[in-house]
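Asks: Chains as they are written, first to last, in the numbering used here: chain A, 1361 to 1527; chain B, 71 to 201.
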Amino acid sequence: VADLVTHLASALLPGVLLPANRASLLAIGVALPDVGGRLPSIAAESLPFALPPGSLSAFDVLHQPIGLTAAIVATSTLFVPEQRRIVAGWLLSGAALHLAVDLLQDHHGQGYHLAFPLSEWRFELGWIGSESSISWAPWLGLATGVAWAARALVSARGRPAPAARAR
Amino acid sequence: VIVRVVAGAVFVATAGWWTWRDAHGAFEPDDDGETTIVSLATVEASEPGRLTLEKAQRRYVVVGRFDVFPVGLDVTVQARRRPDGAWDADWVEPHPGRAAKRRLGAVGTAVTVALVAVTIRARRGGWRLRG
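1) Which residues of chain B have a Cβ atom closer than 8 Å to the Cβ of Ala1431/A, listed in chain order?
2) Quick one: residues in its chain with C-beta nearer than 8 Å to the C-beta of Trp1481/A, no 5 flanking neighbours on either side, listed in chain order?
3) Starting from the beta carbon of Pro1374/A, find every residue of chain B whose beta carbon is closer than 8 Å, and list them in chain order.
4) For Asp144/B, which residues in the same chain have their Cβ closer than 6 Å to its Cβ, ignoring the five residues on either side in sequence?
5) Give the single residue among Val1514/A, Leu1438/A, Asp1462/A, Gly1469/A whose Cα lies nearest to the Cα of Leu199/B.
6) Would you kindly work out how many angstroms separate the C-alpha atoms of Val1365/A and Leu174/B, rounded to a whole number?
7) Alpha carbons only, please: which of Trp1496/A, Thr1504/A, Ser1415/A, Val1461/A is nearest the one belonging to Ala1485/A?
8) Quick check: is the beta carbon of Arg128/B nearer than 7 Å to any beta carbon in chain A?
9) Shorter than 7 Å from the beta carbon of Gln1465/A to some beta carbon of chain B?
10) Please name the residue, chosen from Ala1503/A, Leu1502/A, Ser1492/A, Leu1513/A, that lies closest to Asp1363/A on a Cα-to-Cα basis.
11) Please classify Pro1382/A as buried or exposed, where buried requires at least 16 other C-beta atoms within 10 Å of its C-beta.
12) By Cβ distance, which residues of its chain are closer than 7 Å to Asp137/B, with the 5 residues on each side in sequence left out?
13) Looking at chain A, is there any beta carbon in it that lies within less than 7 Å of the beta carbon of Thr122/B?
14) Between which residues of its own chain and His1367/A is the CB-CB distance below 6 Å, once the five residues before and five after are set aside?
15) Decide if the segment 1395 to 1403 of chain A is in contact with the segment 1416 to 1430 of chain A; the criterion is three or more beta carbon pairs, one per stretch, under 8 Å apart.
16) Quick one: any contact between the segment 1444 to 1459 of chain A and the segment 1499 to 1518 of chain A, if contact means 3 or more CB pairs under 8 Å?
17) How far does the alpha helix (DSSP H) with Ser1453/A in it reach, from first residue to last?
18) Output the boundary residues of the beta strand (DSSP E) element that contains Ser109/B.
19) Using a Cβ-Cβ distance cut-off of 7 Å, determine whether Leu143/B contacts chain A.
20) Please name the residue in Ala126/B, Thr106/B, Val133/B whose C-alpha comes closest to that of Ala1403/A.
21) Cβ of Gly175/B less than 7 Å from any chain A Cβ?
22) Mind pulling the chain D residues with CB within less than 9 Å of Trp88/B?
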């Protein structure tokens, strides 16, 4: 996976042109595959005891299109009815963006399960190294911070921000 | 309610089938004599020519012509399985940037938690978006 700062920047940088809560949903959707799919196993490493092999593998499906879509759709039903489609749409867009960025990476052909449980086929484009994003991440994070600070400044001066004009 | 039940059922079925396949070795490297790749496994122990790796709560003993790697380093190995269960390595590729990637992951996770907190309100009758 690419690093999470790069993933968040891929949503929040263009998201500066969106209403704040839409940009935020897009960013949460971008983070979901890693936070949901990888965080449990990272957290398990800090436990004082070892979990049985494979006990956390169910979370892996949160980094796959079908498992992730089902989880997002189910989660969106927790929202009030008039916001469910909005929430599901933006979270799914973010999740798709995440998987698209990950597919760019090279893991020596190991790739990602894109169609599980329909197929165990794996795929990756292999265009960039799996650690390439580390050198970009600080700059992308900085650019994202500057863009959102500029937006806040514009809003504070009373001029309509791009998102406000779009509403 | 129907959408929630159907989506939940798809998720549980997918996760359950994945766990079943994983438990039966479907995603482990093959041991049919062909070379295979163990990607991004973590070094648990290392001495010249011998590595113990951990990936997804599984251990791999890898032998070959390589030097000592630091414990905790992530590596990718191309290898073939030997009759004694160890893996004969063709090459071992270190990934020294993975620690930095994990730190960036921690930063990203904190940002995500903050975004959830400022974006979503949990209320009786259903969650709501702020703004």
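Glycine included, each C-beta is placed from N, C-alpha and C at the ideal position. Just so you know, these numbers come straight off a predicted model, no measurement behind them.
Replies: On the basis of the coordinates in this document:
1) Counted from its first residue, the first sequence places residue 1431/A at position 71. By Cβ distance, chain B contributes Ala77, Phe81.
2) The sequence position of residue 1481/A within the first sequence is 121, counting from 1. Closer than 8 Å at the Cβ level, and outside the excluded window around Trp1481/A, lie His1473, Leu1474, Ala1475.
3) Along the first sequence, read from residue 1 onward, the residue named residue 1374/A stands at position 14. Here the premise fails: no neighbours, minimum Cβ distance about 16 Å.
4) As a first step, residue 144/B must be located in the second sequence, where it is residue number 74. For Asp144/B, where only same-chain residues beyond five positions count, the Cβ hits under 6 Å are Leu110, Thr112, His165, Arg168.
5) In the second sequence, residue 199/B corresponds to position 129, counting from 1. Per the Cα distances, Leu1438/A.
6) Residue numbering aside, residue 1365/A sits at position 5 when the first sequence is read from its first letter. Residue numbering aside, residue 174/B sits at position 104 when the second sequence is read from its first letter. Between Val1365/A and Leu174/B, the alpha-carbon positions lie close to 6 Å from each other.
7) In the first sequence, residue 1485/A corresponds to position 125, counting from 1. Correcting the residue identity first, residue 1485/A is Leu in this sequence and not Ala. With distances taken between Cα atoms, Leu1485/A lies closest to Val1461/A.
8) Taking the second sequence and counting its residues from 1, the one referred to as residue 128/B is at position 58. Interface criterion met: the Cβ of Arg128/B is under 7 Å from a Cβ in chain A.
9) Position 105 of the first sequence, counting from 1, holds the residue named residue 1465/A. Not closer than 7 Å to any Cβ of chain B, the Cβ of Gln1465/A fails to qualify, so no.
10) For the purposes of this step, residue 1363/A is taken as residue 3 along the first sequence, with counting starting at 1. That would be Ser1492/A, whose Cα lies nearest to the Cα of Asp1363/A.
11) Reading the first sequence from its first residue, position 22 is the one you call residue 1382/A. As written in the sequence, residue 1382/A is Arg, which differs from the Pro given in the question. Burial call: buried.
12) Here residue 137/B corresponds to residue number 67 of the second sequence, with the count starting at 1. Here the set comprises Pro118.
13) Working through the second sequence from its first residue, we reach residue 122/B at position 52. Cβ-Cβ to chain A under 7 Å: no for Thr122/B.
14) Here residue 1367/A is taken as the residue at index 7 of the first sequence, counted from 1. Excluding positions up to five away in sequence, the list reads Val1390, His1458.
15) Yes, the segment 1395 to 1403 of chain A touches the segment 1416 to 1430 of chain A.
16) no
17) Locating residue 1453/A in the first sequence gives position 93, where the first residue counts as 1. Residues 1444 to 1463.
18) Start at 1 with the first residue of the second sequence, and residue 109/B comes out as number 39. First-last of the beta strand (DSSP E) with Ser109/B: 106 to 117.
19) Reading the second sequence from its first residue, position 73 is the one you call residue 143/B. Contacts with chain A at 7 Å (Cβ-Cβ) do not include Leu143/B.
20) Position 43 of the first sequence holds residue 1403/A. From the listed residues Ala126/B, Thr106/B, Val133/B, the smallest Cα separation to Ala1403/A is found for Ala126/B.
21) Looking up residue 175/B in the second sequence gives position 105. Closer than 7 Å to some Cβ of chain A, the Cβ of Gly175/B qualifies, so yes.
22) No chain D appears in this structure, whose protein chains are A and B.
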